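Everything on this sheet refers to the single structure shown next.
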Amino acid sequence: MSPFTFISYFVACAVWLKYGLIVQNTVVIATNSFGSIMNFIYIIVFYTYSSKKPQFNQFLFLGAVMIVSPLVYIKHFQTDGQLALSHLGSYCVCLTIIGYGAPLVSLSDIVRSKSTESLHFVLILANFLLGLLWTLYGLLIADRYVQVPNFLGAMLALIQLSLFAIYPRSSHSRSKVIHS
5 MSPFTFISYF
15 VACAVWLKYG
25 LIVQNTVVIA
35 TNSFGSIMNF
45 IYIIVFYTYS
55 SKKPQFNQFL
65 FLGAVMIVSP
75 LVYIKHFQTD
85 GQLALSHLGS
95 YCVCLTIIGY
105 GAPLVSLSDI
115 VRSKSTESLH
125 FVLILANFLL
135 GLLWTLYGLL
145 IADRYVQVPN
155 FLGAMLALIQ
165 LSLFAIYPRS
175 SHSRSKVIHS
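So the sequence shown is residues 5 to 184, counted in the numbering used here.
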């Protein structure tokens with residue numbers, strides 16, 4: 005699995021946390037606080053066992069830039085609060101879609117090998133279900149920044165889930181999972 009997945013989730017959670025703080029939405033604040041903490045832990049564990057630390061460091065640097073840049077912009081360069089919120093919301097939309105699509109980084113490997121061994125079914129299924137739930141929540145609170153990316157994310161996860169039907173895992177990899 006690529007470090008991009010966990011780093012993109014962390015970046016999205018951190019920026020959504022800022023959005024939640026600005027709009028004072030406790031659900032967005034609580035879930036993204038938890039998501040930030042969990043993804044930070046995943047990143048540390050993944051980094052500890054990574055054999056490709058230089059590549060990982062590049063992803064970490066990119067993640068830091070992706071968090072700090074919009075926060076500096078809305079704090080120091082955008083004086084119109086509503087426009088800053090709109091820009092941050094739009095950025096959150098982009099990050100959410102990237103996060104949902106992150107597992108597709110390995111799409112070329114999946115097609116070439118005709119196997120979904122590089123994908124994590126449970127994570128993708130969770131993304132699909134979470135996308136649906138966040139879409140419903142976005143409809144309830146009438147927040148398009150919550151609705152749109154999560155609907156698109158649920159659709160991306162559905163595409164990823166369909167890959168399991170098109171390119172099933174080998175029986176060898178299934179037996180490894182069963183025996184572990």
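A virtual CB, placed ideally from N, CA and C, is assigned to each residue, including glycine. Computed from a prediction, not measured in an experiment: that's the story for all the values here.
Where residue i falls, given that 16 or more other Cβ within 10 Å makes a residue buried
i	result
asparagine 61	exposed
leucine 87	exposed
glycine 85	exposed
valine 31	exposed
leucine 167	buried
phenylalanine 81	exposed
leucine 25	exposed
tyrosine 149	buried
isoleucine 78	buried
threonine 120	buried
proline 74	buried
Beta-carbon contacts of residue i that lie in its chain and below 7 Å, excluding the five residues immediately before and after
i	result
aspartate 113	Ser122
alanine 106	Phe8, Thr9, Ser12
leucine 21	Ile33, Asn36, Ser37, Ser40
Contacting residues, own chain, Cβ-Cβ under 6 Å from residue i (five flanking each side not counted)
i	result
leucine 108	none
serine 110	Ser122
alanine 16	Leu99, Thr100, Gly103
leucine 160	Tyr104, Gly105
alanine 18	Ser40, Ile71
serine 54	Phe60
Proximity test, residue i beta-carbon vs the ligand FMN heavy atom, cut-off 7 Å
i	result
glutamine 82	In the structure on display, the ligand FMN does not appear, and there are no ligands present to speak of.
Option nearest residue i by Cα separation, candidates the options
i	options	result
isoleucine 48	Phe38, Ala18, Leu64, Gly157	Leu64
asparagine 154	Asn43, Leu140, Val126, Val76	Leu140
isoleucine 71	Thr52, Thr35, Leu167, Cys96	Cys96
lysine 118	His124, Arg173, Thr83	Arg173
serine 163	Ala146, Phe125, Ile145, Trp138	Checking the sequence, you will find isoleucine at residue 163 rather than serine. Comparing Cα-Cα distances from isoleucine 163 to each of Ala146, Phe125, Ile145, Trp138, the minimum goes to Phe125.
Residues near residue i in its chain [Cβ-Cβ closer than 8 Å; skip 5 each side]
i	result
isoleucine 170	none
leucine 143	Gln151
serine 90	none
Anticipated Cβ contact below 8 Å, residue i with residue j, distance rounded
i	j	result
leucine 165	leucine 129	7 Å
glycine 93	asparagine 131	With 8 Å as the limit, glycine 93 and asparagine 131 do not qualify as a contact, their Cβ atoms being about 21 Å apart.
phenylalanine 14	phenylalanine 44	6 Å
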